[in-house]
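Asks: Counting from 1, position 70 in the sequence shown corresponds to residue 415 in the working numbering; the numbering is continuous, with no gaps. I'd like to ask you about the structure that follows.
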Amino acid sequence: MGPAIVGVFIPIIITVTIGLVLITLAYFKSRERQMLIERGLPPEEIKQFFANKDKANPFLLTKIGIIAIFFGIGIGLGMYLQELTNQEFWLVLFLFTLTGLGFIIANLLGRKLEKTY
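Okay, here's the thing in structure tokens:
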């Protein structure tokens, strides 16, 4: 298989994978509701159960933004040093290191904000 053929399959595989993940999530949510109904819970308790569960983290977008910024900085620094030194490991090194640092900072900041608000 040539690189051109493999390049065609990459978007197809990504689309199928995302579709399978979404279908699996919908299936398990439906299965969970069925189990609550089989237990004989009244509809009010079922609604309350899912209302409490669906509360989104208010700082989720802040965390994603911090991670995305560090991811971008990692790509930028890695590509810059890779071009400067002609060494190919800089991109991978900075990408993983700064993305991990972004996750840590996002987690710490998220905890601090949740305690404050």
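For each residue, glycine too, the CB sits at the ideal point set by N, CA and C.
DSSP three-state label for residue 386, please.
Replies: In the structure shown, residue 386 sits in coil (DSSP, three-state: anything other than H, G, I, E or B).
Asks: Nearest-angstrom Cα distance between residue 429 and residue 419?
Replies: So the two alpha carbons sit approximately 15 angstroms from each other.
Asks: Determine the contact status of residue 411 and residue 365, defining contact as a CB-CB distance below 8 angstroms.
Replies: It is not a contact, given that the beta carbons lie outside the stated cut-off.
Asks: Over the uninterrupted alpha helix (DSSP H) stretch that includes residue 452, give me the two end residues.
Replies: From DSSP, the alpha helix (DSSP H) with residue 452 extends over 435-461.
Asks: Given this structure, state the Cα-to-Cα distance separating residue 439 from residue 374, to the nearest angstrom.
Replies: When rounded, the distance between both Cα atoms is 38 angstroms.
Asks: Go ahead and pull the three-state DSSP assignment for residue 347.
Replies: Looking at residue 347 - three-state DSSP - the assignment turns out to be coil, as it is neither helix nor strand.
Asks: Under three-state DSSP, which class holds residue 393?
Replies: Residue 393: helix per DSSP, three-state reduction.
Asks: How many angstroms separate the CA atom of residue 435 from the CA atom of residue 422?
Replies: Rounded to whole angstroms, residue 435 to residue 422 spans 8 angstroms at the Cα level.
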